[in-house]
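Visitor: The structure under discussion is supplied below as structure tokens; questions concerning it will follow.
Number of protein chains: 2
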Amino acid sequence: MYELLRAHILKKIELTESELDRMASYFTPKRVLKKHFLLQEGEVGKYIAFVDRGCLRCYSVDPKGEEHVIQFAIEDWWISDLQSFLTGEWSRYNIDALEDSEVLVIDKISRDSMLVEIPKLERFFRLLLERSYIGTQQRIECTLSASAEDRYQMFLKTFPTLAQRVPQNQIASYLGIAPESLSRIRKHIADTAK
Amino acid sequence: MYELLRAHILKKIELTESELDRMASYFTPKRVLKKHFLLQEGEVGKYIAFVDRGCLRCYSVDPKGEEHVIQFAIEDWWISDLQSFLTGEWSRYNIDALEDSEVLVIDKISRDSMLVEIPKLERFFRLLLERSYIGTQQRIECTLSASAEDRYQMFLKTFPTLAQRVPQNQIASYLGIAPESLSRIRKHIADTAK
DNA sequence: GACCTCTCTTAACCCAGATCAATCAAATTT
DNA sequence: AAATTTGATTGATCTGGGTTAAGAGAGGTC
């Protein structure tokens, strides 16, 4: 089950077979069933997880008890509370599975050792972060400048697969709109199309 | 004028004097006067800039002609259109100076050479990106869960210096609210306080 | 000192999207 | 298969913040 991870890394940097093997040996497979947690608010985010199969989300719960989806992750994506992972602070986020999932996790000590043993991976993680950073920045731009309907349209375009797999109310939460509003927006799009 | 940059890097990684010198030699000082541009929409973002003195902003202009501030940068911060810089695509952003500023810029070819010559800097940029990514993710969480007033309060807390230096309408744009609304919010805060 | 230009404030009105409430459909559980 | 839970839809109503418009300081510039 390390095949996807190996391929994922080779897309960004070059590693020898033996480096790939040593890299893989730092990761531990973990099964996360639907509605089970990989991380709960108040814990320390021990792991960074690579999704081998399934779908997870990272979300916060505000004082009113409302959930807000920070991030989704399906196959070939990473998910974690990076802040908690890096600083050792308690997490303000929850990460749970929207489908039965299998992930490969690595803890901080292992990752640090791995980066020392295989310094080429520094580059991999820099590239990965560059992409992630660009993604979040685009999401910010989007919320600053576009209407709820436009944001939904962009979501469909950017993440067509996710849009199929994830419940509508979760997408609404990710976009920062009420589920009822998303329902109306979808109706409006459907009406306009025909 | 490389002192601030040297100190900035030493805060995250260890470099020898000679490595610091070689690092600094890759950067070029550049003066950007108030209202002048470091990058304009449609150009390719050639540089990553480290702010030595002054204050700049990165913003997009939407189809209605409205500006949306993506990022501010003052002394000891970095500013760029990372997407354009990395991919070579045309930028959708503008970067201009809100005050007369001095920055240290590095282009892509130089940065790549620098990273090859001083691989320890891979780590520096990874750490820098980790912080930036965490920051943007927190900003997203904030827009998803907090009211305009709460977002402004958090801004004041997180960036007390910026709040002093930057015009109110720019802060409003950064927070995704109309300048008139921010004015009302400030009045409300003042009224509540006394 | 008169004249711009920018930024901020205030007030009246408006609207996109939230909230509340009821219903329906489709999974899950028992 | 009946009962329960979960997610989606629809309608009615409300509201935070947008929009428009007008005026007021505060620098700059001639």
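Chains as they are written, first to last, in the working numbering: chain A, 486 to 679; chain B, 486 to 679. In this text, a Cβ means the ideal position worked out from N, Cα and C, and glycines have one as well.
#1: Looking at the strands, I want to know which residues DSSP matches up with B:L487.
#2: Anything in chain A within Cβ reach of B:L614, meaning under 7 Å, just list it in chain order.
#3: Is there a C-beta anywhere in chain A that falls below 8 Å from the one on B:G479?
#4: For the region 658-670 of chain A, which residues have a beta carbon sitting closer than 7 Å to at least one beta carbon of chain B?
#5: Taking A:I559 as the reference, which of A:S503, A:E528, A:D585 and A:N579 has the closest Cα?
#6: Residue range of the beta strand (DSSP E) that B:Q568 falls in?
#7: By DSSP, does B:K496 sit in helix, in strand, or in coil?
#8: Pull up the distance between the alpha-carbon of B:E634 and that of B:G527, whole angstroms please.
#9: So, for A:L647: in the same chain, excluding its five sequence neighbours on each side, which residues have a beta-carbon less than 6 Å away from its beta-carbon?
#10: Sorted by chain position, which residues of the same chain lie with C-beta nearer than 7 Å to B:C627's C-beta, five sequence neighbours on each side aside?
#11: Please go through the same chain and pick out, in chain order, the residues whose beta-carbon is closer than 8 Å to the beta-carbon of A:T680, but skip the five residues on each side of it.
#12: Which chain B residues sit within Cβ distance under 8 Å of A:T501?
#13: For a test of the three-state rule: what should DSSP assign to A:R577, helix, strand or coil?
#14: As a quick exercise: from A:M486, A:E488 and A:S503, pick the residue whose alpha carbon is nearest that of A:I603.
#15: Any idea what DSSP makes of B:H521, helix, strand or coil?
#16: Determine which residues of the region 594-608 of chain B have a Cβ less than 7 Å from any Cβ of chain A, and write them out in chain order.
#17: Does the region 565-572 of chain A come into contact with the region 521-540 of chain A, if we say contact requires no fewer than three beta-carbon pairs (one atom in each stretch) closer than 8 Å?
#18: Since A:T628 meets chain B, which of its residues come closer than 9 Å, beta carbon to beta carbon?
#19: Identify every run of the alpha helix (DSSP H) within the region 627-659 of chain B, keeping only runs that are complete inside it and at least 4 residues long; order them along the chain.
#20: For A:L600, which residues from the same chain have a beta carbon less than 8 Å from its beta carbon, with the 5 sequence-adjacent residues on both sides left out?
#21: Using a Cβ-Cβ cutoff of 7 Å, what residues of the region 528-547 of chain A are near chain B? List them in chain order.
#22: Look at the alpha carbon of B:I580 and the alpha carbon of B:Q655, and state the distance between them as a whole number of angstroms.
#23: Indicate the three-state DSSP secondary structure (helix, strand or coil) for A:P548 in the structure shown.
#24: Thinking C-beta only, is A:V529 closer than 8 Å to A:S595?
#25: What does DSSP give as the partner residue(s) for B:I559 in the beta ladder?
#26: Can you tell me where the beta strand (DSSP E) holding B:V588 begins and where it ends?
#27: So what does DSSP say about A:P664, is it helix, strand or coil?
#28: Taking the C-alpha atoms as reference points, what is the distance between A:K497 and A:R624?
#29: Go ahead and label A:M486 buried or exposed: buried means 16 or more other beta carbons lie within 10 angstroms of its beta carbon, across all protein chains shown.
#30: So, at 6 Å on beta carbons, what are the nonlocal neighbours of B:Y578 in its own chain, with the 5 sequence-adjacent residues on each side left out?
#31: Which residues, taken in chain order from the region 560-590 of chain B, show a beta carbon closer than 7 Å to some beta carbon of chain A?
#32: Cα-Cα, which of A:D676, A:F644, A:S632 and A:K642 is closest to A:G661?
#33: Count the other CB atoms within 10 Å of the CB of A:A492; is the residue buried (16 or more) or exposed (fewer)?
#34: Give me the chain B residues within the contact set of A:H553, using Cβ-Cβ distance strictly less than 8 Å, ordered along the chain.
#35: Using 8 Å as the limit for Cβ to Cβ distance, is B:Q622 near chain A?
Guide: The short version:
#1: Sequence index remark: in the second sequence, residue 487 of chain B carries index 2 (1-based). It should be noted that the sequence gives Tyr, not Leu, for residue 487 of chain B. Note: B:Y487 sits in no beta bridge, so no partner.
#2: In the second sequence, counting from the first residue as 1, residue 614 of chain B sits at position 129. Near B:L614 (Cβ distances below 7 Å), the residues of chain A are R611, L614, E615 and Y618.
#3: Since the first and last residues shown for chain B are 486 and 679, residue 479 of chain B lies out of range.
#4: G661
#5: What you label residue 559 of chain A is simply residue 74 of the first sequence in a count that begins at 1. Comparing Cα-Cα distances from A:I559 to each of A:S503, A:E528, A:D585 and A:N579, the minimum goes to A:D585.
#6: As a working note, residue 568 of chain B is residue 83 in the second sequence. Segment L567 to T572 is the alpha helix (DSSP H) holding B:Q568; no beta strand (DSSP E) there.
#7: Indexing the second sequence from 1 puts residue 496 of chain B at position 11. Look at B:K496 here: in three-state DSSP terms it is coil, with no helix or strand label.
#8: As a first step, residue 634 of chain B must be located in the second sequence, where it is residue number 149. As a first step, residue 527 of chain B must be located in the second sequence, where it is residue number 42. Near 34 Å, if we compare the C-alpha coordinates of B:G527 and B:E634.
#9: Position 162 of the first sequence, counting from 1, holds the residue named residue 647 of chain A. Cβ within range, chain order: F557.
#10: Taking the second sequence and counting its residues from 1, the one referred to as residue 627 of chain B is at position 142. Close CB contacts of B:C627 within its chain, under the 7 Å cut and outside five residues either way in sequence, are with R636 and M639 (chain order).
#11: Nothing about residue 680 of chain A can be read from this structure; chain A reaches only from 486 to 679.
#12: Here residue 501 of chain A corresponds to residue number 16 of the first sequence, with the count starting at 1. Chain order gives no chain B residues near A:T501, where near means a beta carbon separation below 8 Å; the closest approach is about 18 Å.
#13: By 1-based counting over the first sequence, the position of residue 577 of chain A is 92. Looking at A:R577 - three-state DSSP - the assignment turns out to be coil, as it is neither helix nor strand.
#14: Here residue 603 of chain A refers to the residue found at position 118 of the first sequence. If we check each option's Cα against that of A:I603, A:S503 comes out closest.
#15: Translated into positions along the second sequence, residue 521 of chain B becomes position 36. Of the three classes helix, strand and coil, the one that applies to B:H521 here is coil, per DSSP.
#16: Residues of the region 594-608 of chain B with a C-beta atom less than 7 Å from some C-beta of chain A are P604, E607 and R608, listed in chain order.
#17: yes
#18: Along the first sequence, read from residue 1 onward, the residue named residue 628 of chain A stands at position 143. By Cβ distance, chain B contributes I625, T628, L629 and G661.
#19: 633-643 and 645-650
#20: Stepping through the first sequence from its first residue, residue 600 of chain A is reached at position 115. The answer, listed in chain order, is L606, E607 and F610.
#21: S545 and D547
#22: As a working mapping, residue 580 of chain B is identified with position 95 in the second sequence. As a working mapping, residue 655 of chain B is identified with position 170 in the second sequence. So the two alpha carbons sit approximately 13 Å from each other.
#23: Here residue 548 of chain A corresponds to residue number 63 of the first sequence, with the count starting at 1. DSSP places A:P548 in coil when its eight states are reduced to three.
#24: What you label residue 595 of chain A is simply residue 110 of the first sequence in a count that begins at 1. What you label residue 529 of chain A is simply residue 44 of the first sequence in a count that begins at 1. Cβ distance not < 8 Å, so A:S595 and A:V529 don't count as in contact.
#25: Your numbering for residue 559 of chain B matches position 74 in the second sequence. DSSP lists B:C540 as partners of B:I559.
#26: On the second sequence, position 103 is the one that residue 588 of chain B refers to. Looking at the DSSP string, the run of the beta strand (DSSP E) that includes B:V588 is S586 to D592.
#27: Residue mapping note: residue 664 of chain A aligns to position 179 of the first sequence, counting from 1. Helix at A:P664.
#28: The count along the first sequence starts at 1 and reaches residue 497 of chain A at position 12. The count along the first sequence starts at 1 and reaches residue 624 of chain A at position 139. Between A:K497 and A:R624, the C-alpha separation is close to 23 Å.
#29: If you number the first sequence from 1, residue 486 of chain A lands on position 1. With fewer than 16 Cβ atoms within 10 Å of its Cβ, A:M486 is classed as exposed.
#30: The count along the second sequence starts at 1 and reaches residue 578 of chain B at position 93. Closer than 6 Å at the Cβ level, and outside the excluded window around B:Y578, lie C543, S545 and D566.
#31: L567, Q568 and L571
#32: Residue 661 of chain A sits at position 176 when you count from the first residue of the first sequence. Closest option to A:G661, Cα to Cα, is A:S632.
#33: To locate residue 492 of chain A, count along the first sequence from 1; it is residue 7. Label assigned to A:A492: exposed.
#34: Taking the first sequence and counting its residues from 1, the one referred to as residue 553 of chain A is at position 68. What A:H553 touches in chain B: E626, L629 and S630.
#35: Working through the second sequence from its first residue, we reach residue 622 of chain B at position 137. With 8 Å as the cut-off, B:Q622 counts as an interface residue toward chain A.
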